[in-house]
Amino acid sequence: MELSYDLILLVVVGFIAGAINILAGGGSLLTLPILIFLGLPPNVANGTNRIAIIIQNIFAVRGFQSKGVSAFPYSIYLAVSATVGAIIGASLAVDIKGELFNKILAGVMILIVIYMVFKPKISTEEIMERITGKYFWLGILAFFFVGIYGGFIQAGVGFIMLLFLSIINKYSLVKSNAIKVFVALIYSLAAVAIFAYNGLINWQYGLVLSVGNATGGWFMSRYSVKKGDGFVRIAVIVMIVIMAIKLLFPDLFSFNS
Numbered sequence: 713m714e715l716s717y718d719l720i721l722l723v724v725v726g727f728i729a730g731a732i733n734i735l736a737g738g739g740s741l742l743t744l745p746i747l748i749f750l751g752l753p754p755n756v757a758n759g760t761n762r763i764a765i766i767i768q769n770i771f772a773v774r775g776f777q778s779k780g781v782s783a784f785p786y787s788i789y790l791a792v793s794a795t796v797g798a799i800i801g802a803s804l805a806v807d808i809k810g811e812l813f814n815k816i817l818a819g820v821m822i823l824i825v826i827y828m829v830f831k832p833k834i835s836t837e838e839i840m841e842r843i844t845g846k847y848f849w850l851g852i853l854a855f856f857f858v859g860i861y862g863g864f865i866q867a868g869v870g871f872i873m874l875l876f877l878s879i880i881n882k883y884s885l886v887k888s889n890a891i892k893v894f895v896a897l898i899y900s901l902a903a904v905a906i907f908a909y910n911g912l913i914n915w916q917y918g919l920v921l922s923v924g925n926a927t928g929g930w931f932m933s934r935y936s937v938k939k940g941d942g943f944v945r946i947a948v949i950v951m952i953v954i955m956a957i958k959l960l961f962p963d964l965f966s967f968n969s
C-alpha cells in the first residue's frame, strides 16, 4: 500500500516538475529531493531522475516542433558540446558520497531561489539572434560547461541554459525553451548510459516519474499559462526552500515513517 502512495506521489510531482521544466526550468529541484525522501540513495536518485527527463523532453521536443519552433542546426551543435560535458559531469557524480551530494543540491536550490526572486525581466522585443562568428563559439563553449553541470546534478540547468541563450545568442524565450529541451534530451542519453552502467538507476521509480514528467512537458510545450506564472513561481520557491532545509537538516522533518 505504501508503495502505491509512493507511485502516485511520483506521478503528481512529475507532472508539476515537467510543466515547470518546459516553462523555464528547475523541475528537478522537486523530483530529486522527492526521490531521496522515498528512500533512494542520492546518486541513485540522481540517475533515476534522468529517465523522466529524457521521456519528458521527447514529448516536449515534439510539442515545439508541432508549433514550428526549432533552431536547427545550431541546437545540434550545442547538444554535441553539452553531451561531451555531460559525460564528464555524470562520471564525477557516480562516485560522490550521499551526504556531500545532499549539501551540494541544497546549495544549488538556495542559489536558484535567490535567482528566481531577484532575476531581472528580460525583454524579448526587437531581438536579433546572434549565432555566427564569436557568438557561435561562445555558445558552444558555454554549453560544454552546461553539460558538465547537467551531467553532474541536472537540477536548475534549465535556468542556466535560458540565461546563456539570452545573453550570448539573443534568442527569444520560446525558441530558447525549444533549444533547452532538445539539448537536455541529447546529453541526458549519455548521462543515463553512465548511471545505468554503474547500476545507479531505479527503473520502476524512473518510469513512473516519467509518466508525470512527460504529461506535464507535453501540456506545457503546447500551452501558455502566463496567468498562473506568478502563483507557480511562489509555489516553487516555497517548495524549494522547504526541501533545501530538509536536505541540510535531515532530522528536522520526517517524510518516511
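Numbers in the working numbering are just positions in the sequence shown, counted from 1, shifted up by 712.
A virtual CB, placed ideally from N, CA and C, is assigned to each residue, including glycine.
Since this is a predicted model, take the numbers as computed values, not measurements.
By the Cβ-count criterion, L812 is exposed, with fewer than 16 other Cβ atoms from all chains shown falling within 10 Å of its own Cβ. Within the same chain, S793, A794, V796 and G797 come within 8 Å of F856 by CB-CB distance, once the 5 residues on both sides are set aside.
Secondary structure remark: continuous alpha helix (DSSP H) runs of at least 4 residues inside the segment 761-843, in chain order: 786-806 and 810-830.
In the structure shown, L741 falls within a helical segment according to DSSP collapsed to helix, strand and coil. Measuring C-alpha to C-alpha distances from V904 to each of G819, S782 and G801 identifies G801 as the nearest. Counting the other CB atoms within 10 Å of its CB gives I788 a total below 16, which places it among the exposed residues. Using a Cβ distance threshold of 8 Å, G929 and V723 do not count as a contacting pair. The beta carbon of N881 is closer than 7 Å to those of E841, R842, I843, Y847 and G851 in its chain, skipping five residues each way along the sequence.
Taking F776 as reference, the option from V893, L741 and V869 with the minimal CA-CA separation is V893. For the pair of segments examined, the segment 868-884 was found not to touch the segment 767-775: the number of CB pairs separated by less than 8 Å stays below three. Counting the other Cβ atoms within 10 Å of the Cβ of K887 gives 16 or more, which makes it buried. Considering only S922, I891 and T927, the residue with the shortest C-alpha distance to Y786 is I891. The residue among F931, M932 and N914 with its C-alpha nearest the C-alpha of N758 is N914. Close CB contacts of L912 within its chain, under the 7 Å cut and outside five residues either way in sequence, are with N755, V756, G759 and V806 (chain order). Taken through DSSP and simplified to helix, strand or coil, Y909 comes out as helix. According to the DSSP assignment, G868 belongs to no alpha helix (DSSP H), since it is labelled neither H nor E. Cα atoms of A908 and L919: separation of roughly 14 Å, rounded to the nearest angstrom. The three-state reading of DSSP puts N889 in helix, counting H, G and I together. S884 sits in coil when the DSSP states are folded into three classes, being neither helix nor strand.
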